[in-house]
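Novice: In terms of the working numbering, the sequence shown is residues 19 to 205. Glycine included, C-beta positions come from ideal geometry on N, C-alpha and C.
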Amino acid sequence: LAKLEKLRNLRASNNTFLGSLDGLESCGELHTLDLSHNQLTGKIAPLAACRKLQSLDLSENRHDAGGSEGGGSTISGGLSGGLEALKDCKELRELNLGKNGLKGDLGALKGLVMLNRLHAHSNQLTGGLEPLKACKELRTIYLQENLIEVIEGLDENLNLANLNLSQNNVKCISGLSHLKELTNLQL
Numbered sequence: 019l020a021k022l023e024k025l026r027n028l029r030a031s032n033n034t035f036l037g038s039l040d041g042l043e044s045c046g047e048l049h050t051l052d053l054s055h056n057q058l059t060g061k062i063a064p065l066a067a068c069r070k071l072q073s074l075d076l077s078e079n080r081h082d083a084g085g086s087e088g089g090g091s092t093i094s095g096g097l098s099g100g101l102e103a104l105k106d107c108k109e110l111r112e113l114n115l116g117k118n119g120l121k122g123d124l125g126a127l128k129g130l131v132m133l134n135r136l137h138a139h140s141n142q143l144t145g146g147l148e149p150l151k152a153c154k155e156l157r158t159i160y161l162q163e164n165l166i167e168v169i170e171g172l173d174e175n176l177n178l179a180n181l182n183l184s185q186n187n188v189k190c191i192s193g194l195s196h197l198k199e200l201t202n203l204q205l
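#1: What does the alpha-carbon distance come out to for the pair Ser184 and Leu136?
#2: Measure the alpha-carbon distance for His139 versus Leu147 and round it to whole angstroms.
#3: Grouping DSSP H, G and I as helix and E and B as strand, with all else coil, what is Gly122?
#4: Where does Glu112 fall in DSSP's three states?
#5: Just tell me which of Lys154, Asp52, Asp106, Lys21 has its CA closest to the CA of Asn32.
#6: Is Leu150 helix, strand or coil when you go by DSSP?
#7: Classify Asp40: buried if its beta carbon has 16 or more other beta carbons within 10 angstroms, exposed otherwise.
#8: Quick check on Ser44: does DSSP put it in helix, strand or coil?
#9: Quick one: give me the first and last residue of the beta strand (DSSP E) that Leu51 is part of.
#10: How is Leu25 classed by DSSP in three states: helix, strand or coil?
#11: If we count the other Cβ atoms within 10 Å of its Cβ and call it buried at 16 or more, is Ile191 buried or exposed?
#12: Measure from the alpha carbon of Leu161 to the alpha carbon of each residue in Arg29, Gly37, Lys70, Gly145, then state which is nearest.
#13: For Leu22 and Cys45, I'd like the C-alpha separation in whole angstroms.
#14: Only counting the same chain, and skipping five residues up and downstream in sequence, which positions put a Cβ closer than 8 Å to that of Gly69?
#15: Leaving aside the five residues before and after Leu156 along the sequence, list all residues of the same chain whose C-beta is less than 7 Å from its C-beta, in chain order.
#16: With a 10 Å radius around its C-beta and 16 neighbouring C-beta atoms as the bar for buried, classify Leu42 as buried or exposed.
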């Protein structure tokens with residue numbers, strides 16, 4: 019893949035690919051990348067160079083994204099830490115991280131301001147939704163089957179239409195009444 023510098027769309031789902039994402043750093047023109055339903059174990063750091071990504075599906079893999087240096091937000095598990103590699107993917111609109119055994123909070127996603135759809139269901143994510151407040155374009159959040167305890171921090175997500183937080187450890191819900199576009203709520 020390293021020599022496919024003009025590649026815009028790569029769909030390689032439902033395979034048994036093993037190994038890393040090395041070589042994708044040369045694919046700076048990628049808009050769509052679907053590596054779902056594989057057995058990838060490499061770091062996602064090469065995706066940092068894919069700044070034109072609009073749709074990224076890493077669901078149902080076992081990545082090792084590396085830990086975060088010097089503290090801060092860390093997601094660990096099958097896909098762990100290092101999601102900061104996506105921070106320069108400012109055009110990212112759809113992100114699917116479902117069913118990866120993720121642990122930690124959503125802090126690494128706070129810079130994805132164009133994000134429209136977030137699928138991070140069936141993981142072990144904790145914390146609240148506060149890191150998503152900068153993602154003002156969010157219309158869909160699927161975070162069911164996690165360990166989220168607090169539903170708040172969506173003050174600026176006025177476009178939110180679908181929110182699924184079922185099968186979590188929700189103890190506190192606040193700040194939803196201003197979400198006038200919300201049509202589907204699952205708790």
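Specialist: Let me lay it out:
#1: 15 Å
#2: 14 Å
#3: strand
#4: strand
#5: Asp52
#6: helix
#7: exposed
#8: helix
#9: 50 to 52
#10: coil
#11: exposed
#12: Gly145
#13: 6 Å
#14: Looking at the sequence provided, one finds Arg at residue 69 rather than Gly. Cβ within range, chain order: Gly46, Asp106, Cys107, Lys108, Glu109.
#15: Leu133, Asn134, Leu136, Leu150, Asn175, Asn177, Leu178
#16: buried
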